[in-house]
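Notes for the one structure printed next.
Numbering (full-length UniProt numbering), first residue to last: 1 to 438.
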């Protein structure tokens, strides 16, 4: 596991007080909240949380669980290709002997559950929560939506009896008969057309490129958290159609960070393109968006952020229009030089044995082999281009960020993280020339 995003702030006093609600949450953190929302809460309460650590499996960040570590609290987001939902909250209660450094106070309904001067014991849990079964090991008390773990070196061993056993950990989790409800249940992608959102089972929102308007978005999704006008000419290249009248001056990005969605709106108020973000750790846009629960249905099953690019290739076709978009994206950012261009210090130098002619022949053969390898890679990757978001600025001091590949299909652009292989984002567009001829 690795830790990133560590923040250390100095404060004169830190007295966390949390209301514990079984099956629902702890303080401001509610089960079912997405990772982006939780991190936004932490950012707006920096004084209360002077140290924050976010960790994941660096070998498989796109398939990894994510854990947020706070003073006394651990927030757990299980691995999922669709959601990043807070599913478990772990509260660590300091030892009573360290009460001088223990400012943690927990409450349940109108009662004090635990504080520096009132340790949480087995007897107190029973008085507040009622009777329950004890685990076979005798060190855990389970209730619907919450459990209490007792210390192995409890006070009962000191002669006070088992009723005075002290709780060392509290776990708040969903009740067995309840499921977590995300703010956005699903986002079904249809290349060359748009997306269908489900805020809940009864609230289905079709969003069609070239038809759905900004007014429709306001009614269905509310106001965007940010609007960004296309003041940079490079953005017209990134989003395609450099000379297209629809993507001309006045077009605006609407950012719905809470849903992991961006919309490009024309000056006439019509949706031109849609971008769905996956919020994968170790990618440049991690923590900036919620994970959009996007899926792409195919005859052999649905594709998601963990799907391989080969799966997209087997179900989607290339088009001249998609190549145009990808090429424009490539031109807007620098492409790293190919390996082995002389000036690199990491490669081994070959010894020149034999005559200059044989050396020339060897170099020629090596060049042919390299060319063949590149052709094979090119054939395998199709129209994949390199995107390096670090050159755009705003990411100074952040390490372990890699490049991504852009692969163009008919009505869809896929961005793949080169390091993990996960799909960072997908952009849906409409080829008007094709729709007019169909």
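Glycine residues also receive a C-beta, built at the ideal position from the N, C-alpha and C atoms.
In the DSSP annotation of this structure, the continuous segment of the beta strand (DSSP E) that includes residue 143 starts and ends at 140–143. Of all alpha-carbon atoms in 135, 282, 291, 314, the one lying nearest the alpha-carbon of residue 417 is that of 282. For residue 309, the uninterrupted alpha helix (DSSP H) segment begins and ends at 309–315. Apart from the 5 residues on each side of it in sequence, residue 15 sits with its Cβ closer than 8 Å to the Cβ of 103, 105 in its chain, given in chain order.
Looking from the CA of residue 146, the closest CA among 54, 255, 172 belongs to 172. Here the alpha carbons of residue 305 and residue 423 stand approximately 5 Å from one another.
Check the Cα spacing between residue 55 and each of 267, 280, 167: the tightest is with 280. Residue 134 counts as exposed, since fewer than 16 other beta carbons sit within 10 angstroms of its beta carbon. The shortest C-alpha to C-alpha distance from residue 129 to any of 22, 222, 77 is the one to 22. With a minimum length of 3 residues, the unbroken runs of beta strand (DSSP E) contained wholly in the segment 272–313 fall at 294–298, 301–303. Annotated three-state conformation of residue 55 is strand, per DSSP. Put simply, the segment 46–55 does not touch the segment 295–314. Fewer than three CB pairs are less than 8 Å apart.
About 36 Å separates the Cβ atoms of residue 408 and residue 180, ruling out a contact at the 8 Å cut-off. Per DSSP, residue 203 is one residue of the beta strand (DSSP E) stretching across 203–208.
Going by C-alpha positions, residue 428 is about 11 Å away from residue 261. With respect to the C-alpha of residue 143, the residue from 169, 175, 119 having the closest C-alpha is 175.
The distance from the Cβ of residue 125 to that of residue 68 is about 26 Å, inconsistent with a contact at the 8 Å cut-off. With a threshold of 16 other beta carbon atoms within 10 Å, residue 64 meets it and is buried.
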